[in-house]
Every structure is written in C-alpha cells, then in structure tokens.
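Structure first, then comments.
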Amino acid sequence: MFKKSKNEFDLLKFLQQQQLPNANEQSIIEQAIVKLHQRENLYLVKADVKSSLTELALKRQLSKEGVQLLTQLSKPNMNEDVAKASATWF
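Its first residue numbered 107, the sequence shown is counted upward by one per residue in my numbering.
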C-alpha cells in the first residue's frame, strides 16, 4: 500500500481544516483535497492552490481568511526549499 509522505499528510490535514467564507475559495480548497486523495504531486497541488488564490487576490475577490491562507502557503519552508535547490546542483 502506498504510504503518504509527511508533507502530503500535513498539507491535506491543513487544507481540510480550512473553512473559507467565499464559495470560490472553498471550491479551490476542495479541488486540492480531491487531487491529494488521487495522489497527485503535492508540490503541483500546492502551486495550483497558490496560483488560484493569487488570481482572486489580484481581482480583489479574496476574503481576509483567503489572504491568510495564501500567506501561510507562501511562507518559505527551509527543509523543502533547500532540498529542491540541492537537487538542481547535480
């Protein structure tokens, strides 16, 4: 059986806890949860969520809670970022 990585479980758990007031925002979260259950790439799912929320922000349609979620998803993760950077060196 495929075991989920800690990062995938953390993102899934984090997204499941989100209750956004705007239906558009909540549908973005629900689509991401479905993709994670379908075992799609964690980093692509996270990038899609950030991209979709950014589009809403640029249109000034993002709620205060949505802004907080986007900020949280955009925070740098040193372990993840260093691993990606070192993989490109070789």
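Glycine residues also receive a C-beta, built at the ideal position from the N, C-alpha and C atoms.
Under 8 Å between C-beta atoms of residue i and residue j
i: S169; j: P127; result: yes
i: K156; j: S180; result: yes
i: L176; j: A163; result: yes
i: L117; j: L148; result: yes
For residue j and residue i, the rounded distance between their alpha carbons
i: E171; j: Q124; result: 9 Å
i: E119; j: A138; result: Correcting the residue identity first, residue 119 is Lys in this sequence and not Glu. Looking at the two C-alpha atoms, the distance is approximately 11 Å.
i: A129; j: E161; result: 15 Å
i: Q122; j: V173; result: 17 Å
i: Q132; j: V140; result: 12 Å
i: Q178; j: E136; result: 17 Å
i: M107; j: Q144; result: Any reading at M107 is ruled out, since the residue's pLDDT is 34, under 50, leaving its predicted position unreliable.
Option in the options with minimal Cα separation from residue i
i: N183; options: T160, V173, K152; result: K152
i: D154; options: Q178, Q144, R145, I134; result: I134
List, from N- to C-terminal side, the alpha helix (DSSP H) runs of 4 residues or more that fit wholly inside the region 156–187.
170–180
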